[in-house]
Amino acid sequence: MNTRFVQALFSSRSGVAALVLRVPVGLILAAHGAQKLFGWFGGYGLEGTGQWLASIGLAPGYLMALLAGGAEFFGGLALVLGLLTRPAALVSAFTMLVAIFAVHIGNGLFMANNGYEYALTLFVATLALAIQGGGRFALDSLLAQRFVGAQRRAATGR
32 MNTRFVQALF
42 SSRSGVAALV
52 LRVPVGLILA
62 AHGAQKLFGW
72 FGGYGLEGTG
82 QWLASIGLAP
92 GYLMALLAGG
102 AEFFGGLALV
112 LGLLTRPAAL
122 VSAFTMLVAI
132 FAVHIGNGLF
142 MANNGYEYAL
152 TLFVATLALA
162 IQGGGRFALD
172 SLLAQRFVGA
182 QRRAATGR
């Protein structure tokens, strides 16, 4: 595997700040995804979410619910663990961008009016994680170290 690609994907110079951002944002996203996928935490599950998404023009609704729920649930879990942080954060950021423009933008900024402030906050947080990576306390960091070590052993023949 290409060393530059692995470094770009997994390495991060961030410290504890990335952990502080990753874990709560990941938990929030995973919980929202669980609402869409499984009907947990008062959610409507795939059927209900799919019907609603289709009613606002995001068709086919079931597929859109599966994509949004999967991005939030599995992306959120990946962020909590710091595993494939950048791709998970990018997918989550894109999902929030769709939510902003498909659902919330016409309601103004504030959440009290079903506005976009919350989705915007999650968008910005996930975008920041996509840029900075998972940080020192992420599984990505461990994977990068192991890959570099394996590359060094292979180069030296040990």
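In this note's numbering, the protein residues as written are 32 to 189. Each residue gets a CB set at the ideal place from its N, CA and C atoms; glycine is no exception.
For residue j and residue i, believed in contact at Cβ under 8 Å, the rounded distance
{"i": "L77", "j": "G107", "result": "Going by Cβ atoms, the distance from L77 to G107 rounds to 17 Å, so no, they are not a contact pair."}
{"i": "S45", "j": "G164", "result": "6 Å"}
{"i": "G64", "j": "G100", "result": "5 Å"}
{"i": "F154", "j": "A124", "result": "5 Å"}
{"i": "L84", "j": "A96", "result": "6 Å"}
Sequence-distant residues of its chain with Cβ nearer than 6 Å to residue i (five each side left out)
{"i": "L170", "result": "L112, G113 and L114"}
{"i": "L50", "result": "G166 and F168"}
{"i": "G57", "result": "G107, L110 and V111"}
{"i": "G79", "result": "none"}
Three-state secondary structure (DSSP) of residue i
{"i": "P91", "result": "coil"}
{"i": "F168", "result": "coil"}
{"i": "G46", "result": "coil"}
{"i": "N6", "result": "Only positions 32 to 189 of the chain appear in the structure, and residue 6 is not among them; the question remains open."}
{"i": "N33", "result": "coil"}
{"i": "L84", "result": "helix"}
{"i": "G107", "result": "helix"}
{"i": "G101", "result": "helix"}
{"i": "L115", "result": "coil"}
Own chain residues within Cβ distance below 8 Å of residue i, not counting five before or after
{"i": "G146", "result": "H135, N138, G139 and L140"}
{"i": "A156", "result": "L52 and V56"}
{"i": "L94", "result": "G81"}
{"i": "A90", "result": "L84"}
{"i": "F178", "result": "M32, T34, V37 and F41"}
{"i": "N144", "result": "N138"}
When the options are compared against residue i, the one with the closest alpha-carbon
{"i": "V132", "options": "A109, L151 and F178", "result": "A quick correction: the sequence has Phe, not Val, at residue 132. Comparing Cα positions, the closest option is L151."}
{"i": "L158", "options": "N33, R53 and F104", "result": "R53"}
{"i": "K67", "options": "T126, Y149 and Q182", "result": "T126"}
{"i": "R117", "options": "N33, P55, Y149 and I162", "result": "I162"}
{"i": "L160", "options": "W83, G188, L97 and V122", "result": "V122"}
{"i": "V129", "options": "A143, Q82 and G88", "result": "G88"}
{"i": "T34", "options": "G188, T187 and R183", "result": "R183"}
Spatial neighbours of residue i in its chain, beta-carbon cut-off 7 Å, leaving aside the 5 residues before and after
{"i": "A175", "result": "V37, Q38, F41 and S42"}
{"i": "F69", "result": "G76"}
{"i": "F72", "result": "A62, A65 and Q66"}
{"i": "Y149", "result": "M142"}
{"i": "L173", "result": "none"}
Minimum Cβ-Cβ distance from residue i to chain D less than 8 Å
{"i": "L170", "result": "Of the chains in the structure shown, none is chain D; there is only one protein chain."}
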